[in-house]
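Each residue of the sequence shown is one higher than the one before, counting from 1 in the UniProt record's numbering. All C-beta atoms, glycine included, are put in the ideal place defined by N, C-alpha and C.
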Amino acid sequence: MDWYNPSDTDIPKGHFIDGQFMSFNDDTAVDVICPSTGKAYAQLNYASADTVEQALSQAHQAFRAGTWASMAPRERAKYLFKWAELIEKEQAYLAQLESLGSSRPYHEVLQWDIPYVVDCLRFFAELSDKHGGYVGATQQNRLGMVISQPYGVIGAITPWNFPMSMLMWKVGPALAAGNAVVLKPSEMTPFTSVYLAKLAVDAGIPANLFNVVQGDGKTVGQAICEHSLVGKVTFTGSTATGAAIMSTCAIKGPKPSTLELGGKSPQIVFADADIEKTARTVAKAITGNAGQVCVSGSRLIIHQDIAEEFSQQVMAHFSQLKTGSTWEKQTTLPPVISAGQAQRIESIVSQSIAQGAELLCGGDLISQGGSFFTPTLLAVKDKANCAVREEIFGPVLTMQTFDSDEQAWELASHETYGLAAGIHTQNIQRALTGMREIEAGSVWINRYGRSFDHIMPTGGFKQSGIGKDVGVEAFQANLKTKSVLIDF
Ligand code: ADP
């Protein structure tokens, strides 16, 4: 049984600039592949340099026109609320478009992604009039004010794993703070973003305020990052690309950037944890979206006394998952985004085994139109094993055992990444020690994963990122402060 018929889905064409779907003669057309079938389902126009220029200049004009930036913030919020309402209204179509083009199963998009996107937008809309700056404690004969102002045009670059949610992480706070935006979604999942931009215009947001250009990272993405009209760049994606973007921003700017990058997050399970519940949590945290989540809990660090029983339970959960297209009702393990990515996962798993890891289950690449990877558990003794060191971005869990708390914290610490961590224990002392000990931007105790508590900022330590998405911090990151001194 299918949720919908993929061939009935209307695909929006082109870029979205100045309130219109657009494509131009000098834009290159490229096939877009459906991850569930491995086949092309649409074509995408990669923007030429002129198209990028046009989008940026429209955004710049929108900002300079002042309609949005100088509108009373509460008024701005009303348009954003209206946009949220329209997204909810069109959720069935958006869910279809998102699941057709990405690895997100249709029902999950409806149950999770859409409510998350809408809630996140409302959260930032509510912040619009809550942060105006402050008065400084200056000399008595002066008034010192620290006021905040939008950057102007924000350049946003987003990945393919949660296309709509990642868009809203960037565009929600940018618009709420009074900026204009030029967004480039991933070339692998390009279509929901232009439709969301159209809904923004339908909601009454100025037509040229939020523009979307399509294209690859190395030309179109880079052209946005290096452009002098862009005041700040915000990005979610791999650590290597984040570093490339930061260097573009430095060489051609310098301009600031917020970067949410890769992870290799531990899930630490102590012997006193609720084994049944925790095994379910651990299994879900590495198989959700087929492990293609920056905060995937990809390293199980477990007390040696419960490792055997616990791993059996995790594998039992793995074995219940069913591969299938994102529009099939029975699918619980969606496709890997591309054949190339699936091969990369397979290659790291083989390398890891060659380096001494023991394969406890999975390890199979299944090509049935789309590419699927069976949930995999690798018992690893050596911290230097490639499956422990590298972000795999697939349903591959490594397992390392410990026999003391100190050893658990030591194993949890990763040489490169510090995005998130899970601690599972009934002992509050131990949980709070771990909370302080672990170098990660998010620590989850007796749970795992992000929630709808948008007040909680998210972002990484070490090479997992710079700055925060979501939370008040993400809103403030879209504003720059100005000091004003007035002599009496
Ligand atoms: P992946 O390798 O999984 O596609 P990336 O982190 O490379 O993930 O891509 C995330 C986003 O960054 C995509 O929209 C991509 O097009 C864009 N991108 C890739 N390289 C660059 C670059 N050098 N400059 C700007 N954007 C880029």
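With a threshold of 7 angstroms (Cβ to nearest heavy atom), would residue i be considered close to ligand 1?
i, result
"residue 302", "no"
"residue 169", "no"
"residue 249", "no"
"residue 159", "yes"
"residue 187", "yes"
"residue 216", "yes"
"residue 102", "no"
"residue 28", "no"
"residue 238", "yes"
"residue 343", "no"
"residue 244", "yes"
"residue 184", "yes"
"residue 221", "yes"
"residue 234", "no"
"residue 241", "yes"
"residue 225", "yes"
Assuming residue i contacts residue j (C-beta within less than 8 angstroms), just tell me the rounded distance between them.
i, j, result
"residue 71", "residue 121", "Contact doesn't hold; Cβ gap of about 17 angstroms is too wide."
"residue 441", "residue 420", "7 angstroms"
"residue 128", "residue 77", "4 angstroms"
"residue 94", "residue 164", "7 angstroms"
"residue 200", "residue 210", "5 angstroms"
"residue 193", "residue 212", "5 angstroms"
"residue 47", "residue 215", "5 angstroms"
"residue 279", "residue 303", "With 8 angstroms as the limit, residue 279 and residue 303 do not qualify as a contact, their Cβ atoms being about 13 angstroms apart."
Are residue i and residue j closer than 8 angstroms when you measure CB to CB?
i, j, result
"residue 230", "residue 155", "yes"
"residue 348", "residue 390", "yes"
"residue 252", "residue 226", "yes"
"residue 387", "residue 378", "yes"
"residue 285", "residue 144", "no"
"residue 422", "residue 461", "no"
"residue 394", "residue 291", "yes"
"residue 371", "residue 334", "no"
"residue 316", "residue 399", "no"
"residue 326", "residue 105", "yes"
"residue 261", "residue 311", "no"
"residue 222", "residue 248", "yes"
"residue 14", "residue 23", "yes"
"residue 469", "residue 481", "no"
"residue 86", "residue 176", "no"
"residue 234", "residue 170", "yes"
"residue 11", "residue 55", "no"
"residue 27", "residue 51", "yes"
"residue 477", "residue 465", "no"
"residue 475", "residue 173", "yes"
"residue 314", "residue 283", "yes"
"residue 166", "residue 236", "yes"
"residue 60", "residue 197", "no"
"residue 2", "residue 329", "yes"
"residue 160", "residue 102", "yes"
"residue 255", "residue 232", "yes"
For residue i, which residues does DSSP report across the bridge?
i, result
"residue 395", "Paired residues: none, contrary to the question."
"residue 444", "422"
"residue 266", "299"
"residue 233", "155 and 257"
"residue 224", "None, per the DSSP bridge assignment."
"residue 29", "45"
"residue 484", "145"
"residue 211", "182"
"residue 252", "DSSP, once it has assigned bridges, lists no residue as partnering residue 252."
"residue 20", "17"
"residue 417", "462"
"residue 371", "336 and 367"
"residue 401", "302"
"residue 469", "458"
"residue 358", "379"
"residue 479", "150"
"residue 2", "328"
Does the Cβ of residue i lie closer than 7 angstroms to at least one heavy atom of ligand 3?
i, result
"residue 294", "Ligands in the displayed structure: ligand 1; ligand 3 is not one of them."
Just list the beta strand (DSSP E) runs in the segment 37-118, keeping only unbroken ones of 3 residues or longer that don't cross its boundaries, in chain order.
-> 40-46
Any chance you could list the alpha helix (DSSP H) runs of at least 4 consecutive residues sitting entirely within the segment 293-351, in chain order?
-> 307-319
Could you give the uninterrupted runs of the beta strand (DSSP E) lying entirely in the segment 114-153, keeping only those of 3 residues or more?
-> 133-136 and 142-150
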